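Chemist: Below: one structure in structure tokens.
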Amino acid sequence: MKKISIIIMILLLLVIAGGCAEGNDAGGEVNSITPDEFKEMMDNDEDFILVDVRTQEEYDEGHIIGSILIPVDVIKDQAEQILTDKESKIIIYCRTGNRSQTAGEILKDLGYKNIYDLGGIVDWPYETVR
12 MKKISIIIMI LLLLVIAGGC AEGNDAGGEV NSITPDEFKE MMDNDEDFIL VDVRTQEEYD
72 EGHIIGSILI PVDVIKDQAE QILTDKESKI IIYCRTGNRS QTAGEILKDL GYKNIYDLGG
132 IVDWPYETVR
């Protein structure tokens with residue numbers, strides 16, 4: 012009877028430990044980055060991919076130099092086709108920071124490791140282009 016209790020205890024511990032394990036497909040954290048920090052990255056020619064997650068119309072009205080458009084509504088379906096390296100440093104922004112936060116979580120769930128949320132273009136004090 013003692014052996015059965017020990018075996019049951021070991022099996023129970025294995026089940027509990029297995030349920031607590033993290034999946035290895037999960038991405039990294041979504042980090043915040045300030046406009047000044049990002050501008051310094053730009054000035055230092057660091058490697059990054061800048062993604063505007065607003066709509067096409069908003070993007071056409073003005074966007075940060077070098078950004079590509081992947082609207083938050085389609086980022087889940089299009090990210091892996093466009094952003095092929097999940098280790099790349101990805102900077103995301105929108106108008107006020109809400110959609111970029113959502114996009115960051117989506118990218119994290121897709122397994123991207125280096126995600127930085129710039130927030131909103133309304134807080135970007137530097138040049139934009141049309």
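Take the position in the sequence shown, starting the count at 1, then add 11; the result is the number in my numbering.
Don't be surprised by glycine CBs; every beta carbon is placed ideally from N, CA and C.
All of these numbers come straight from a predicted model, not from anything done at the bench.
By the three-class DSSP mapping on this structure, what secondary structure does V85 have?
Modeler: Correct three-state label for V85: coil.
Chemist: Would R141 be called buried (16 or more neighbouring beta carbons within 10 Å of its own) or exposed?
Modeler: Per the 10 Å Cβ criterion, exposed.
Chemist: Check this for me: beta carbons of S99 and F59, under 9 Å apart or not?
Modeler: A contact, by the Cβ cut-off of 9 Å.
Chemist: With DSSP as the reference, identify every bridge partner of N125, one or two as the case may be.
Modeler: Answer is K100, bridged to N125.
Chemist: Taking all protein chains shown into account, do 16 or more other C-beta atoms lie within 10 angstroms of the C-beta of D63, making it buried, or fewer, making it exposed?
Modeler: D63 comes out buried.
Chemist: Please state the DSSP three-state secondary structure of S78.
Modeler: Coil at S78, not helix or strand.
Chemist: E68: which of I81, V41 and D54 sits nearest, CA to CA?
Modeler: Measuring from the Cα of E68, the nearest candidate turns out to be I81.
Chemist: Around the Cβ of D128, are there at least 16 other Cβ atoms within 10 angstroms (buried) or fewer (exposed)?
Modeler: Buried is the call here.
Chemist: Comparing the C-beta of I103 with each C-beta of chain B, is any distance below 9 Å?
Modeler: Absence of chain B from the displayed structure is noted, only one protein chain being present.
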